[in-house]
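This report concerns only the one structure given below.
Protein chains: 2
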Amino acid sequence: MKKTNPIFLNGVPELLVLRLLSRREMYGYQIIEEIRAQTRETLSFGEGCIYPYLHYLEAEKLVSSRRREVDGRSRNYYKLTPRGGKRLDELTTEWKRVTTGISSLMGEQYA
Amino acid sequence: MKKTNPIFLNGVPELLVLRLLSRREMYGYQIIEEIRAQTRETLSFGEGCIYPYLHYLEAEKLVSSRRREVDGRSRNYYKLTPRGGKRLDELTTEWKRVTTGISSLMGEQYA
DNA sequence: GACAATACCTATAACTGTAAGGTATGTCAA
DNA sequence: TTGACATACCTTACAGTTATAGGTATTGTC
Chain V
23 MKKTNPIFLN GVPELLVLRL LSRREMYGYQ IIEEIRAQTR ETLSFGEGCI YPYLHYLEAE
83 KLVSSRRREV DGRSRNYYKL TPRGGKRLDE LTTEWKRVTT GISSLMGEQY A
Chain W
23 MKKTNPIFLN GVPELLVLRL LSRREMYGYQ IIEEIRAQTR ETLSFGEGCI YPYLHYLEAE
83 KLVSSRRREV DGRSRNYYKL TPRGGKRLDE LTTEWKRVTT GISSLMGEQY A
């Protein structure tokens, strides 16, 4: 029954992963590190979250992957499919709606 | 393994409940309806979410309650405690940090 | 007198992310 | 050259949070 301190955001990993992949091809480990870096540790999704997500996204044909050898390293690179692009648009709209709703409820104090 | 469509936000019910109670005394049913109304159905937390939350918040002394008879109806009115005020401040700050982080990762496209 | 709306409550299921393990390869310093 | 560390991938078990679906009782309305 314990409610933990931080606010967690269900579904946000999917939004962020799709958004990152909409910019360029990336591999899993890189996605994890980039989310940490670009949000200054505010958001930090573990491997146990991101890897299964990528597999799910691929199964749903929202992303596609290919094995590449770069810098003597073997990596799975993912990129957005057209279907994934649509999904990203939907999630982005949804995210805006939600934050707008919360903002209006929070009021001016929440500037 | 099914990821559902809408974005859910863990911890947000607590944030919103505390915020509403920081304005004025309210009862459970009213809180549920007000969240629905003020967000135009965008957010809609069920009774199975809000009532247990209120009990939890009271157990943690973040809110206090009293039974009142109003309009011939018996209701449990809740209001914020000083401790609850602190908690609200923390959660608000946290919420801002998280949304800021997400915004920066989403980029301009997310205006 | 029946039915909807109000007002409260709880148990259970479902979903999501974490924690904690695992494998394998490459790099660099001692 | 070996030992440590970072990279890169993966999975399972668990914990936390919300939804679903039931329940009770009272009040208002047709």
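Protein sequence lines correspond, in order, to chains V and W.
The first sequence begins at 23 in my numbering and counts up one residue at a time.
The second sequence begins at 23 in my numbering and counts up one residue at a time.
Ideal placement from N, C-alpha and C gives every residue a C-beta, glycine not left out.
Contact between the segment 93-112 of chain V and the segment 50-64 of chain W (3+ Cβ pairs under 8 Å):
no
Extract the residue ranges of the alpha helix (DSSP H) inside the segment 37-61 of chain W, only unbroken runs of 4 or more that lie entirely within it.
50-60
What residues in the segment 88-116 of chain V have a beta carbon less than 9 Å from any beta carbon of chain W?
112, 113, 114 and 116
Check the C-beta distance from residue 123 of chain W over to residue 114 of chain V and give it rounded, since I have them as a contact under 8 Å.
Between residue 114 of chain V and residue 123 of chain W the Cβ distance is about 16 Å, and since that is not below 8 Å, they are no contact.
Identify the contact partners of residue 126 of chain V in chain W, using a Cβ-Cβ distance below 8 Å as the criterion.
60 and 61
Under 7 Å Cβ to Cβ from residue 98 of chain V, same chain only, skipping five residues before and after it: list those, please.
49, 50, 87 and 89
With burial defined as no fewer than 16 other Cβ atoms inside 10 Å of the residue's Cβ, what is the status of residue 74 of chain V: buried or exposed?
exposed
Where are the alpha helix (DSSP H) runs, 4 residues long or more, that stay fully inside the segment 60-84 of chain W, in chain order?
69-81
Buried or exposed: which applies to residue 92 of chain V, given that a residue is buried once 16 or more other Cβ atoms fall within 10 Å of its Cβ?
exposed
Does DSSP put residue 130 of chain W in a helix, a strand or coil?
coil
Count the other CB atoms within 10 Å of the CB of residue 45 of chain V; is the residue buried (16 or more) or exposed (fewer)?
exposed
Apart from the five residues on each side of it in sequence, which residues of its chain come closer than 7 Å, Cβ to Cβ, to residue 101 of chain V?
43, 47, 85 and 86
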